[in-house]
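Everything below concerns the one structure shown next.
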Amino acid sequence: MKHTFTRRGFIRSAAAGSAALTWLSAQKAPMVYAAEADKPAVLGGTPAHAGGWPGWPIWREAWEPAVLEVLRSGRWFRGAGEHVEEFEQAYARLLGAKRCLATASGTTSLMVALHVMGVDAGDEVITSPFTFIATYNAILNMKALPVLADTDPATLTMDPASIESRITERTRAIMPVHIYGLPCDMDPINAIARKHKLAVVEDACQAWLAEYKGRKCGVLGDLGCFSFQNSKHLPAGEGGAVTGNSDDLLDRCQAYHNCGRAYGGFKGSTPYFTRGGNYRMQQFQAVILMQQFDKLVKETEHRGENGDYLSAQLKQIPGIEPVRLPENSYPVWHLYPFRYDARQFNGLTRDQFVRAMGAEGIPCGGGYHEQYFDGLLDEAIASRGFQRLFSAERLKAYRDSFQELKGNRQVCATTVGMFQSVLLAERADMDRIVEAARKIQVHSAAIKKSMG
Ligand SMILES: Cc1ncc(COP(=O)(O)O)c(C=O)c1O
C-alpha cells in the first residue's frame, strides 16, 4: 500500500477513531502532513479503493447442463415437470419450514399469502414504510390499505411500539419486513397479532437464511414470502416463494397460485370451487435456484463475517451508527446499512458523503426515501375502488398519518447503504471502506466547502 505510514495508517491502528480524531485536531503539524498524504479523492487525492468489487449475479458453467436439460425436455412449466417441486422441498428444508410454495415473484408470493390469510377489499394491513415499493403494491393490489407503522431508527425495521395505535376494526394482518435482511423483532409483533387476532405475513423478500432467536425468517409468522429476483442472494431472474408450517394454509396457497385448482386437503365438489390466478414458477427458474444452495450458505457466512467486522470498525467513527439487531438474531445484509450524522462531519450532508465515498471507490447510496409522498398512495385513495371501500374520513386520516412517521423520516434522511455484493469482497476491502469514511470525516470541512 502506498500510504501505509501516513495518518491513515495511524488511525487504522488506533484503538478508537474518536480518540484518533481528537488527537489529530490537537496536533497541528501532523494534520497538515496528513492532509497532503491522505487527500480525499473528491479533492483530487488517491481513492481508498481501486474498484473491481464483486459483480452480481454470479453464475457457473457447471449449472448449464441442468438448464439445458429443461430446455430440451420441453417441460417448461411446473405442471409438466418435477423441478419446481424439488426446489420447494429443498428450500423448505433449508429454512426449517414444513412447506414451501414457489411462485413467479416476491410480489405474487405476498399477494398469495395475503389472500390466503383473508385480506380482502376494504381491509387494512399494517406494514413498514421503509421497504421496497412492492410491499405497498402487494397490499394495494388486494384493494387493502397499507397502514404504515413507524420505523425504529436504531434497527431500520418496524417499531413494534407503533403498531397497536394503528389497529382499527378493518385491520386484518401485520406485514413486518425484514428489510436488508435485518430480522424484525418478531416476539412483540407476534404477541400484538395474537392479542388482536391478526394474521402475520412476513415480507422476507430480502432475508434468505436470516435468523431470529434460532429460527429462520419466513417461518416466524403465519406465512413468509421471498423473492428470487436478479439482485437477490438466491437469484433466478424472477421468482418467489411462500413458506410456512401449516398444511392447510399452504394447500390454499397452492390452489390460489394455480387458477384456484384443488390442492391437498383444500378441495371442493367442482373443479373451480375457489378463486385463483396464475402465479406459478417456471422449471427454468427452479433449476437455476437449485444450483445455488451451497453457494448461498457460503456467501451468507462470508457476508456475515464482513458485516460484523464493518460494524465493529465503523461504530468507532463518530457519526456512523451501524444498525442495532434484536437479541440472538443473524442478519444477512442484502444491503449493509448504517445511519450517518452530518453534525459529526462538519455538516457534510448524507448525499455529499455518499458522493465522496463514491469518489473513494466505495459504491454506496441512500436507503429508501419517503415513498408515501411519491403519489402511488394518493392515486390509490383517489381511485373509484378505494373511495367505495373506505369512508372519506378514513382516507383523510390515513393520508394525514404519513406526517406522524417521524422515525421513518429520520431513517430516510440519514441511512447509507452498500449493496450485498460489496460484502463478498475480502477483509482488506472492508478496511478500505472504513479508511474512506475516516478520510472523509477528517477532511469533511474542506469537502463540504468544495461541494458548496
Ligand atoms: C422487501 C421486498 N418486498 C417485496 C419484493 C418483491 O419481490 P419481486 O421483485 O420478486 O416481486 C422485493 C423485491 O425487491 C423486496 O425487496
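Heads up: the sequence shown begins at 479 in this note's numbering, then just goes up one per residue. Heads up, the beta-carbon is just placed ideally off N, CA and C, and yes, glycines get one too.
Worksheet item: Between residue 586 and residue 718, is the Cβ-Cβ spacing less than 7 Å?
Response: yes
Worksheet item: In angstroms, rounded to a whole number, what distance separates the CA positions of residue 545 and residue 666?
Response: 44 Å
Worksheet entry | Nearest-angstrom Cα separation, counted from residue 880 out to residue 763 | 38 Å
Worksheet entry | Neighbour-count burial assignment, residue 877, 16 or more Cβ in a 10 Å radius | exposed
Worksheet item: Are the CB atoms of residue 537 and residue 903 nearer to each other than 7 Å?
Response: no
Practice prompt. Give me the Cα-Cα distance between residue 552 and residue 734, rounded to the nearest whole angstrom.
Written response: 25 Å
Worksheet item: In the structure shown, what three-state DSSP assignment does residue 873 receive?
Response: helix
Discussion item. Quick check on residue 684: does DSSP put it in helix, strand or coil?
Written reply: coil
Discussion item. Please tell me whether, using a cut-off of 6 Å, the distance from the CB of residue 612 to the nearest non-hydrogen atom of ligand 1 is below it.
Written reply: yes
Fill in: C-alpha distance - residue 578 paired with residue 569, whole-angstrom precision
7 Å
Worksheet entry | Beta bridge counterpart(s) of residue 626 as assigned by DSSP | 605
Fill in: Contact set for residue 713: own chain, Cβ-Cβ below 7 Å, skip 5 residues either direction
535, 706, 707
Discussion item. Quick check: the Cα distance between residue 926 and residue 648, rounded to an integer number of angstroms?
Written reply: 49 Å
Worksheet entry | Neighbourhood of residue 898 by C-beta distance below 7 Å, restricted to the same chain and skipping five residues each side | 711, 781, 811, 812, 813
Item to complete: With distances taken Cα to Cα, identify the nearest neighbour of residue 725 among 527, 575, 628, 571.
Response: 575
Practice prompt. With hydrogens ignored, establish whether the beta-carbon of residue 705 is closer than 6 Å to any heavy atom of ligand 1.
Written response: yes
Practice prompt. Would you check if there are 3 or more beta carbon pairs closer than 8 Å linking the segment 589–606 to the segment 633–653?
Written response: yes
Practice prompt. For residue 688, count neighbouring Cβ atoms within 10 angstroms of its own Cβ and tell me buried if that reaches 16, exposed if not.
Written response: buried
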